[in-house]
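Q: The opening residue of the sequence shown carries number 1 in UniProt numbering; numbering runs sequentially from there.
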Amino acid sequence: MKTIHSQSRALWCTMCREVYRIIGSPVCLICMIGMPLFAFLFFLSMMNNGLPEKLPVAVVDLDNSASSRNFVRQLASQQQVNIVSEPQSFTAAREAMQRNEIFGFLVIPPRFEELTMAAHQPEISFYTNNAYFIPGSLLYKSFKTMSVLASGAVVSHVLTSTGVPETNIKPLLQPIAPEMHPIGNPWLNYSIYLNNSFIPATIQLMVLMVTIYSIGIEIKRGTSRRWMRTAGDSIVIAMTGKLLPQTCIFAAVGVLGQSILYGFLHFPLHCPAWHMIFAMILLIIASQGLAVILLSFAPSLRVGFSAAAVIGILSFSLGGFSFPVSSMYAPFKMLSNLIPVRHYFLIYASQALNGYPLYYCRWHYVAFICFAVASIVLLSRLKQALLHPRYEP
1 MKTIHSQSRA LWCTMCREVY RIIGSPVCLI CMIGMPLFAF LFFLSMMNNG
51 LPEKLPVAVV DLDNSASSRN FVRQLASQQQ VNIVSEPQSF TAAREAMQRN
101 EIFGFLVIPP RFEELTMAAH QPEISFYTNN AYFIPGSLLY KSFKTMSVLA
151 SGAVVSHVLT STGVPETNIK PLLQPIAPEM HPIGNPWLNY SIYLNNSFIP
201 ATIQLMVLMV TIYSIGIEIK RGTSRRWMRT AGDSIVIAMT GKLLPQTCIF
251 AAVGVLGQSI LYGFLHFPLH CPAWHMIFAM ILLIIASQGL AVILLSFAPS
301 LRVGFSAAAV IGILSFSLGG FSFPVSSMYA PFKMLSNLIP VRHYFLIYAS
351 QALNGYPLYY CRWHYVAFIC FAVASIVLLS RLKQALLHPR YEP
């Protein structure tokens with residue numbers, strides 16, 4: 001009983017010591033509260049409109065006929081298109097795109113109306129700046145759609161002039177009518193997809209940095225032995241007392257972010273809220289476990305920061321948010337499973353977007369636990385570094 005009491009007291013003293021260190025450290029407060037809140041405001045305001053609209057483009061109309069002007073008006077009615085200029089040559093339009101004034105342009109050839117009526121297949125050329133991938137892709141889709149519709153309009157006009165009834169024209173132009181049903185995100189809202197991945201990735205990065213800083217600074221300043229004495233020379237109590245206050249603060253910030261996404265902004269949540277809250281808490285614990293693993297192998301503040309920064313930044317690409325993991329090379333596929341936020345993203349897609357039963361993403365919850373268990377196994381190695389601190393600049 002006395003042992004339990006002494007361990008509880010050591011844990012409480014260690015936690016109080018860490019709370020005082022957090023309060024007295026502007027770096028910790030900024031990284032734990034300021035940076036995540038800034039990420040919420042930055043990403044949510046940047047993608048406030050969801051799908052990008054009214055992207056600036058140019059149209060080079062070398063025909064200036066009634067048909068070409070009608071085509072330009074129909075192109076301007078597209079949701080993603082905003083015609084900001086009509087240069088008189090291809091060169092002028094290309095130079096405007098090189099100056100980043102427009103994301104793409106379309107060229108209507110001379111004698112467009114004449115060649116169309118004579119069934120000589122005039123060519124409409126369009127160019128998009130795919131250095132900006134999303135605007136370029138959206139404009140390519142809009143230009144392609146309008147080109148196909150223009151071809152259909154010409155064929156419809158020819159068939160009508162030959163006496164084909166209008167009721168028979170549509171089946172000839174489109175024998176198969178597709179129906180599109182986007183699952184999970186029917187609005188095609190980039191904010192719903194990206195903010196539910198970028199914000200947790202930012203939180204993971206901050207957890208890695210703060211955990212490594214809070215442990216590494218003890219080694220750098222030579223206070224790790226005092227920390228261990230406060231914890232009764234128990235590495236488990238020392239790590240629990242240091243990380244538990246951080247876990248609570250990060251969990252509160254993470255749940256606040258989820259409340260904004262699912263409560264205030266009404267992002268899709270097709271599962272009980274506690275599923276995502278539990279996933280957020282496990283993400284934080286797993287990220288702390290990963291940070292402890294890094295420090296166990298390299299108990300240096302400088303090396304730990306470098307490793308955490310690399311892993312945190314690579315999470316945005318290897319996490320599968322912007323490029324599917326299934327299309328990556330085999331080594332990167334395996335590496336993606338070693339990133340905690342990857343499992344959070346899969347839980348989000350399975351639970352919040354699609355509403356699958358919890359059973360189908362159980363292994364991702366297990367993966368979170370594995371990060372924590374792996375860090376516990378390596379605590380004895382880290383303990384030696386804390387008891388015999390040797391700072392290497």
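Even glycine gets a Cβ: it sits at the ideal position worked out from N, Cα and C.
(1) Are the beta-carbon atoms belonging to V325 and C31 less than 8 Å from one another?
(2) Can you round the beta-carbon distance between Q80 and L55 to whole angstroms, since I take them to be within the 8 Å contact cut?
(3) Mapping DSSP to helix, strand and coil, what is K2?
(4) How is I83 classed by DSSP in three states: helix, strand or coil?
(5) How about G304 and F371: are their beta carbons less than 8 Å apart?
(6) Tell me the start and end of each unbroken beta strand (DSSP E) in the region 207–232 that is at least 3 residues and wholly inside, in chain order.
(7) When the Cα atoms are used, what is the spatial distance from E53 to F90?
(8) Measuring straight from C-alpha to C-alpha, what distance separates K2 and T223?
(9) By the three-class DSSP mapping on this structure, what secondary structure does T162 have?
(10) Could you tell me the alpha carbon to alpha carbon distance between E113 and E86, rounded to whole angstroms?
(11) Whole angstroms are fine: how far does the CA of F143 sit from the CA of K242?
(12) For F267, name the three-state secondary structure that DSSP assigns.
(13) Between which two residues does the alpha helix (DSSP H) holding I108 run?
(14) Where does Y127 sit, in a helix, a strand or coil, going by DSSP?
(15) Using only the alpha-carbon positions, how far apart do T240 and S25 sit?
(16) When you compare each of L379, L188, H343 to L51 by their alpha carbons, which one comes out closest?
(17) Using a Cβ-Cβ cutoff of less than 8 Å, which residues in the same chain neighbour I260 once the five nearest sequence positions on both sides are dropped?
(18) By DSSP, does P182 sit in helix, in strand, or in coil?
(19) Determine whether the beta carbon atoms of A374 and P299 lie at a separation below 8 Å.
(20) Considering V60, what are the terminal residues of the beta strand (DSSP E) in which it resides?
(21) What residue range is occupied by the uninterrupted alpha helix (DSSP H) comprising W363?
(22) Near T128, which residues of its chain fall below 6 Å by C-beta distance, leaving aside the five closest residues on each side in sequence?
(23) For Y329, does the count of other Cβ atoms within 10 angstroms reach 16, so buried, or fall short, so exposed?
(24) Output needed for H275: all residues of its chain with C-beta closer than 7 Å, excluding positions within five of it in sequence on either side, in chain order.
(25) Output needed for L301: all residues of its chain with C-beta closer than 6 Å, excluding positions within five of it in sequence on either side, in chain order.
(26) Under DSSP, the alpha helix (DSSP H) around W274 begins and ends at which residues?
(27) Look at the alpha carbon of L207 and the alpha carbon of S125, and state the distance between them as a whole number of angstroms.
(28) Pick helix, strand or coil for P171, following the three-state DSSP scheme.
(29) Thinking A251 and T14 are a contact (beta carbons under 8 Å), I'd like their distance in whole angstroms, please.
(30) How far does the alpha helix (DSSP H) with H343 in it reach, from first residue to last?
(31) Would you tell me roughly how many angstroms separate the C-alpha atoms of L29 and I199, rounded to the nearest one?
(32) May I have the straight-line CA-CA distance separating L382 from L353, to the nearest angstrom?
(33) Where do the N-terminal and C-terminal ends of the alpha helix (DSSP H) with S67 fall, by residue?
(34) Measuring straight from C-alpha to C-alpha, what distance separates H343 and L115?
(35) Between which two residues does the alpha helix (DSSP H) containing P122 stretch?
(36) Between M228 and L387, which are expected to be in contact by the criterion C-beta below 8 Å, what is the C-beta distance as a whole number of angstroms?
A: Let me lay it out:
(1) Your numbering for residue 325 matches position 325 in the sequence shown. Your numbering for residue 31 matches position 31 in the sequence shown. No, Cβ-Cβ distance for V325 and C31 is not below 8 Å.
(2) To locate residue 80, count along the sequence shown from 1; it is residue 80. To locate residue 55, count along the sequence shown from 1; it is residue 55. With a Cβ gap of about 6 Å, Q80 and L55 count as contacting.
(3) Taking the first residue of the sequence shown as position 1, residue 2 is located at position 2. Any reading at K2 needs caution, since the residue's pLDDT is 45, under 50, leaving its predicted position unreliable; the model's value is listed next. It is helical.
(4) Mapped onto the sequence shown, residue 83 falls at position 83. Correct three-state label for I83: strand.
(5) Indexing the sequence shown from 1 puts residue 304 at position 304. Indexing the sequence shown from 1 puts residue 371 at position 371. No. Outside cutoff.
(6) none
(7) As a working note, residue 53 is residue 53 in the sequence shown. As a working note, residue 90 is residue 90 in the sequence shown. Looking at the two C-alpha atoms, the distance is approximately 24 Å.
(8) In the sequence shown, residue 2 corresponds to position 2, counting from 1. In the sequence shown, residue 223 corresponds to position 223, counting from 1. Confidence is the limiting factor: at K2 the pLDDT is only 45, short of 50, which leaves the residue's position unreliable, though a coordinate-based value still follows. Going from the Cα of K2 to the Cα of T223 covers about 27 Å.
(9) Reading the sequence shown from its first residue, position 162 is the one you call residue 162. Residue state, collapsed to three classes: coil.
(10) For the purposes of this step, residue 113 is taken as residue 113 along the sequence shown, with counting starting at 1. For the purposes of this step, residue 86 is taken as residue 86 along the sequence shown, with counting starting at 1. Cα-Cα distance, rounded: 18 Å.
(11) Within the sequence shown, numbered from 1, the residue matching residue 242 stands at position 242. Within the sequence shown, numbered from 1, the residue matching residue 143 stands at position 143. Those two C-alpha atoms are separated by around 57 Å.
(12) By 1-based counting over the sequence shown, the position of residue 267 is 267. Coil.
(13) Counting from one through the sequence shown, the residue named residue 108 turns up at place 108. Here I108 belongs to no alpha helix (DSSP H); instead the beta strand (DSSP E) covers 104–108.
(14) For the purposes of this step, residue 127 is taken as the residue at position 127 of the sequence shown. It is a strand residue.
(15) One-based indexing of the sequence shown puts residue 240 at position 240. One-based indexing of the sequence shown puts residue 25 at position 25. Cα to Cα, T240 sits roughly 19 Å from S25.
(16) Numbered from 1 along the sequence shown, position 51 holds the residue referred to as residue 51. Out of L379, L188, H343, L188 has the C-alpha closest to the C-alpha of L51.
(17) Along the sequence shown, read from residue 1 onward, the residue named residue 260 stands at position 260. Here the set comprises F40, L44.
(18) As a position in the sequence shown, residue 182 is number 182, starting the count at 1. Here P182 sits in coil by DSSP.
(19) Position 374 of the sequence shown, counted from the first residue, corresponds to residue 374. Position 299 of the sequence shown, counted from the first residue, corresponds to residue 299. Cβ atoms of A374 and P299: not closer than 8 Å.
(20) On the sequence shown, position 60 is the one that residue 60 refers to. Where V60 is concerned, the enclosing beta strand (DSSP E) stretches over 55–61.
(21) In the sequence shown, counting from the first residue as 1, residue 363 sits at position 363. 362–377 is the span of the alpha helix (DSSP H), which, as asked, contains W363.
(22) As a first step, residue 128 is located in the sequence shown; it is residue number 128 there, counting from the start. G104, G136, L139, Y140, listed in sequence order.
(23) Counted from its first residue, the sequence shown places residue 329 at position 329. Answer is exposed; the Cβ neighbour count stays below 16.
(24) By 1-based counting over the sequence shown, the position of residue 275 is 275. Q351, L358, listed in sequence order.
(25) Here residue 301 refers to the residue found at position 301 when the sequence shown is read from its first residue. Excluding sequence neighbours, L301 sits near G216, K220.
(26) In the sequence shown, residue 274 corresponds to position 274, counting from 1. W274 -> alpha helix (DSSP H) spans 273–297.
(27) Counted from its first residue, the sequence shown places residue 207 at position 207. Counted from its first residue, the sequence shown places residue 125 at position 125. Sequence inspection shows Val at residue 207; the Leu mentioned does not correspond to that position. Taking the straight line joining both Cα atoms gives about 50 Å.
(28) Residue 171 sits at position 171 when you count from the first residue of the sequence shown. DSSP places P171 in helix when its eight states are reduced to three.
(29) By 1-based counting over the sequence shown, the position of residue 251 is 251. By 1-based counting over the sequence shown, the position of residue 14 is 14. So it is not a contact: roughly 19 Å between Cβ atoms.
(30) Indexing the sequence shown from 1 puts residue 343 at position 343. That run of the alpha helix (DSSP H) goes 340–347.
(31) The residue labelled residue 29 in the question sits at position 29 within the sequence shown. The residue labelled residue 199 in the question sits at position 199 within the sequence shown. Near 18 Å, if we compare the C-alpha coordinates of I199 and L29.
(32) Residue mapping note: residue 382 aligns to position 382 of the sequence shown, counting from 1. Residue mapping note: residue 353 aligns to position 353 of the sequence shown, counting from 1. Their Cα atoms are separated by approximately 40 Å.
(33) In the sequence shown, counting from the first residue as 1, residue 67 sits at position 67. Run containing S67: 66–76, per the alpha helix (DSSP H) assignment.
(34) Here residue 343 refers to the residue found at position 343 of the sequence shown. Here residue 115 refers to the residue found at position 115 of the sequence shown. Straight-line Cα distance between these residues: approximately 56 Å.
(35) Position 122 of the sequence shown, counted from the first residue, corresponds to residue 122. Per DSSP, P122 belongs to no alpha helix (DSSP H) and is neither H nor E.
(36) For this step, residue 228 is matched to residue 228 along the sequence shown. For this step, residue 387 is matched to residue 387 along the sequence shown. Right, their Cβ atoms sit about 6 Å apart.
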